[in-house]
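**Q** Taken in order, these protein sequences are the chains called L and E. Residues in the first sequence are numbered consecutively from 1, following the working numbering. Residues in the second sequence are numbered consecutively from 1, following the working numbering.
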Amino acid sequence: MSLAVTAVVVTYNRADKLPTVLDRLAAQSRPVDRVLVVDNASTDDTPAVLSRYADRPGVEVVRLDTNTGGAGGFATGMRLAYEGGADFAWIMDDDCYAEPDALAELLSGLEAAEKQMNMRLPFACSVVEWVDGDVCEMNNPGTTWDWGRLLVRGLPVVLVEYCSFVSVLVPRWTMAQFGLPLSEYFIWFDDQEYTRRVTAAGPGVQCLQSRVIHDLPVNRGVNFADVNEANIWKFAYGVRNEASYQWHHVDKAAALRFAQRVHRGLKEGHVSRRLRLQLAKKFFEGLRFDPKPEFPKTVL
Amino acid sequence: MLFGLHWLELGGAERWALECIQAASDAGMVPIVLTDRPSTSPWVTRPEMADAIFLPLTSPLEDSQDAALLNGLFERFDIRGIHVHHCTWLYERLPWIRARFPRVPIADSLHIVEWRTGGFVDIAVRVSDAIDVHHVVSPQLRDYLILDRGVPREKVALATLADLTPTTRTPAGPSTEGTTIAFVGRLTQQKRPYLFLRLVSRLRRDLPGARFIVHGNGELGDEIRAMSRRLRLGDVLEFRSVNHPVSATLDEADVLVISSDNEGVTLTSFEAAAHDALVISADVGSQRSVVVDDLLCPRHPLQFLSAARDRVVTAVTDPAARERWAAEQRRKVDAFAALPHARAWTRDLYKEWNA
């Protein structure tokens, strides 16, 4: 029985890194059945770069009219993967370089974990390294309380509650049961919200032998002490989205603890009052913001 | 080979069942065909039935007769496989057959999710332990069995009936007789021909000069004709019986409207696409697999009428939209046609069974 895997790459103005991403996908030991590149209306050379891949069998480019953010791009790509009949969507950013066995290890790790747990598991993610081989700070999944349950049984997988969208294998049933990522988030926390949402069905797994490299300019996690004029727009989405998630889908106290964490970070970073005020407004916006997921429909 | 059918009368499932009966003969097996519904079995004279043994059951059978019949068949014949096509009686006896003759492979063919009553799909899921493989004709059924009903993926085979429809493309060219909008299908509750008539009564005002065709027979025939008279549609609406070739109607049609309450995936959609007619359909069953997204209309009757009216008018009056939809329709139909085909799947299955 063959399972169809559609790789979904969401890209925006990364013409320099995209060819490596696509070449690494083409070099998988377990071939990808279809590669879907969602171009979020890039304004650089991305269309020209992608045109070079147009003749490759199994590679399809979907160019959106507007930039829908990572969240919108992943929602579109996963919807199209589902409509195309994929058994799995393998989702990743446009600066994610998959090692040759990344997909094979995700598939075998997930299958072995499901057999051990005797249940369906809603996603499998890779270990994400930075370009120097160290762990990528931004892409560490959150583990469950019993994260080592399968490790002690000899499987190279750990149980996780959430992860980032840098090499995540999402089974068809997960999309059918829980829907797609929230496009309205635009960017930041869409991955955490989605993976936390789908773990209502059981834990996800991180397959320790599936490895990818995340080619970020610097290896640093999300830290509110880093807020400045240039990056405030991104943090603004992050605050609104996480406030929304904690308030509406965890509990009110969790949202307040999140506010406290943001406040502490901003204070430590000596972030200006004006930027703090902007983020405070976004926090309150998040309390009134509660988008609902779309569900994919069967086509093929 | 033992086949279970509803009856030997017109129907999509029965058309496919006859193909399978022929395939069994071609594979060198004797088809034994059971039906469980009262019928005059008009298709018994079809060439596919020439080498078949036909057993029309009259229900109810007594319990002892069940066993006598099935034991007799298995004693008299070397039954190599069982293929159930919409036959409740045989479905319900599969657990017994599996227990009594565990080496005999069993398959069924499923066509439509009966979302109101459960229907054959529900029966099939209940006796799934006794079935080796469920053949489904649409992606929607595949997902329904695997994702909604928890049938193991390896037991579900998607193989479409796309190749059962003539695929010769006959471009209609510019129409010389004005716009033609057609309904093709049985006049039954499932197809909701009365919705098409209500649509016609609205469209005749929107599209003066357009003509409309209802092509088909069925239990609602008298009601639909009376309704046509009541709505005074006689001058624009033509009724055609099944004696008239469907291809002729589709040749004339610019737009085919499918107003059904439920469907699997309509073969008429393929045929219409092959004749370059645009298909506007209720968003039911697996119609989404072959109909352009913009041309899918809500199932609810009033919403259907409103959406279908809007789409037909646009399709007729906006050449750019029509061209865009026609291209998208060709892309969708071609993608669906590229899925595995039921004929080849069945041929391989029977060959394996008869090995």
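Glycine included, each C-beta is placed from N, C-alpha and C at the ideal position.
Going by DSSP in three states, L:L121 sits in which element: helix, strand or coil?
**A** Correct three-state label for L:L121: coil.
**Q** Measure the alpha-carbon distance for L:V157 versus E:A68 and round it to whole angstroms.
**A** If you take the alpha carbons of L:V157 and E:A68, they lie about 56 Å apart.
**Q** If you follow the alpha helix (DSSP H) that E:S201 is in, where does it begin and where does it stop?
**A** 193-206 is the span of the alpha helix (DSSP H), which, as asked, contains E:S201.
**Q** In terms of alpha-carbon separation, which member of L:Y12, L:K281, L:L155, L:N219 lies closest to L:L64?
**A** Here the closest residue by C-alpha is L:Y12.
**Q** Would you verify that the beta carbon of L:K297 is, or is not, closer than 8 Å to some beta carbon of chain E?
**A** By this cut-off, L:K297 is an interface position.
**Q** For L:A253 and E:C87, I'd like the C-alpha separation in whole angstroms.
**A** The straight-line gap from Cα to Cα measures roughly 58 Å.
**Q** Pull up the distance between the alpha-carbon of E:V113 and that of E:E92, whole angstroms please.
**A** Near 18 Å, if we compare the C-alpha coordinates of E:E92 and E:V113.
**Q** Closer than 7 Å by beta-carbon distance: list the chain L residues that pair up with E:L295, in chain order.
**A** None at all; the shortest Cβ gap to chain L is about 14 Å.
**Q** Can you tell me whether E:M29 is buried or exposed, with buried defined as 16 or more other CB within 10 angstroms of its CB?
**A** The residue is buried, with at least 16 neighbouring Cβ atoms inside 10 Å.
**Q** Taking Cβ to Cβ, would you say L:G142 is nearer than 8 Å to L:Y162?
**A** Taking 8 Å as the Cβ cut-off, L:G142 and L:Y162 qualify as a contacting pair.
**Q** How should L:E242 be labelled, buried or exposed, when 16 other C-beta atoms within 10 angstroms of its C-beta is the threshold for buried?
**A** So L:E242 counts as buried.
**Q** To the nearest angstrom, how far is the alpha carbon of E:L147 from that of E:T346?
**A** Distance between the alpha carbons of E:L147 and E:T346: 24 Å.
**Q** Helix, strand or coil for E:I146 per DSSP?
**A** Of the three classes helix, strand and coil, the one that applies to E:I146 here is helix, per DSSP.
**Q** Classify L:Q209 as helix, strand or coil using the three-state DSSP reduction.
**A** In the structure shown, L:Q209 sits in a strand (DSSP, three-state: E or B).
**Q** If I measure Cβ to Cβ from L:A113 and keep anything under 7 Å in the same chain, skipping five residues before and after, which residues do I get?
**A** Around L:A113: L121, L150, L155, V157, V205.
**Q** Could you check where the alpha helix (DSSP H) with L:H263 kicks off and where it finishes?
**A** 252-268 is the span of the alpha helix (DSSP H), which, as asked, contains L:H263.
**Q** Please find out if some non-hydrogen atom of the ligand NAP comes closer than 7 Å to the beta-carbon of L:A98.
**A** Ligands in the displayed structure: none, and consequently the ligand NAP is not present.
**Q** Pick from E:E9, E:E75, E:T317: whose alpha carbon is nearest that of E:L207?
**A** Comparing Cα positions, the closest option is E:T317.
**Q** Which bits of chain E does L:L300 rub up against, with CB to CB less than 8 Å?
**A** Here the neighbours are P139, S289, A335, F336, L339.
**Q** Which residues of chain E have a Cβ atom closer than 7 Å to the Cβ of L:W173, listed in chain order?
**A** Ordered by position in chain E, the residues that pass the 7 Å Cβ test against L:W173 are L147.
**Q** E:E75 to E:A338, Cα distance in whole Å?
**A** Spanning the two alpha carbons is a distance of roughly 42 Å.
**Q** In three-state terms, what does DSSP make of E:T127?
**A** Just to set this straight, residue 127 of chain E is Val in the shown sequence, not Thr. E:V127 falls in the coil class under three-state DSSP.
**Q** Measuring straight from C-alpha to C-alpha, what distance separates L:K282 and L:C125?
**A** Using only the alpha carbons, I get a separation of about 30 Å.
**Q** Determine the extent of the beta strand (DSSP E) in which E:L108 is found, giving its start and end residues.
**A** Going by the sequence as given, residue 108 of chain E is Asp instead of Leu. Here the beta strand (DSSP E) through E:D108 covers 106-110.
**Q** For L:V8, which of helix, strand or coil comes out of DSSP?
**A** Here L:V8 sits in strand by DSSP.
**Q** Note down, in chain order, each residue of its chain lying with its Cβ closer than 7 Å to the Cβ of E:L57, except the 5 sequence neighbours on either side.
**A** If we look at E:L57 and ignore the five residues flanking it on each side, its Cβ neighbours are L34, T35, D36, W89.
**Q** With a cut-off of 8 Å, do at least 3 Cβ pairs link the segment 84-96 of chain L to the segment 26-40 of chain L?
**A** Because the criterion of three Cβ pairs below 8 Å is met, the segment 84-96 of chain L and the segment 26-40 of chain L touch.
**Q** With burial defined as no fewer than 16 other Cβ atoms inside 10 Å of the residue's Cβ, what is the status of L:T46: buried or exposed?
**A** By the neighbour-count rule (16 or more Cβ atoms within 10 Å), L:T46 is buried.
**Q** Under the assumption that E:G218 contacts E:G178 (Cβ atoms under 8 Å), give the Cβ distance between them as a whole number of angstroms.
**A** In fact, because the Cβ distance is near 28 Å, the residues do not count as touching under 8 Å.
**Q** Excluding the 5 residues flanking L:Q116 on each side, which residues of the same chain have their C-beta closer than 8 Å to its C-beta?
**A** Correct list, in chain order: L150, R153, L155.
**Q** So, does the segment 241-261 of chain E touch the segment 104-113 of chain E, judging by three or more C-beta pairs under 8 Å?
**A** Contact between the segment 241-261 of chain E and the segment 104-113 of chain E is absent, because fewer than three Cβ pairs lie under 8 Å.
**Q** Please determine if the segment 1-10 of chain L and the segment 71-79 of chain L are in contact, where contact requires at least 3 C-beta pairs separated by less than 8 Å.
**A** With a cut-off of 8 Å, the segment 71-79 of chain L and the segment 1-10 of chain L count as touching, because enough Cβ pairs lie within range.
**Q** For the beta strand (DSSP E) that contains E:F3, what are its first and last residues?
**A** From DSSP, the beta strand (DSSP E) with E:F3 extends over 2-5.
**Q** With 8 Å as the threshold, decide whether the Cβ of E:D261 is near any Cβ in chain L.
**A** It does not; no Cβ of chain L falls within 8 Å.
**Q** Where does E:T35 sit, in a helix, a strand or coil, going by DSSP?
**A** It is a strand residue.
**Q** Is the Cβ of L:A176 closer than 8 Å to any Cβ of chain E?
**A** Judged by the 8 Å Cβ criterion, L:A176 is in contact with chain E.
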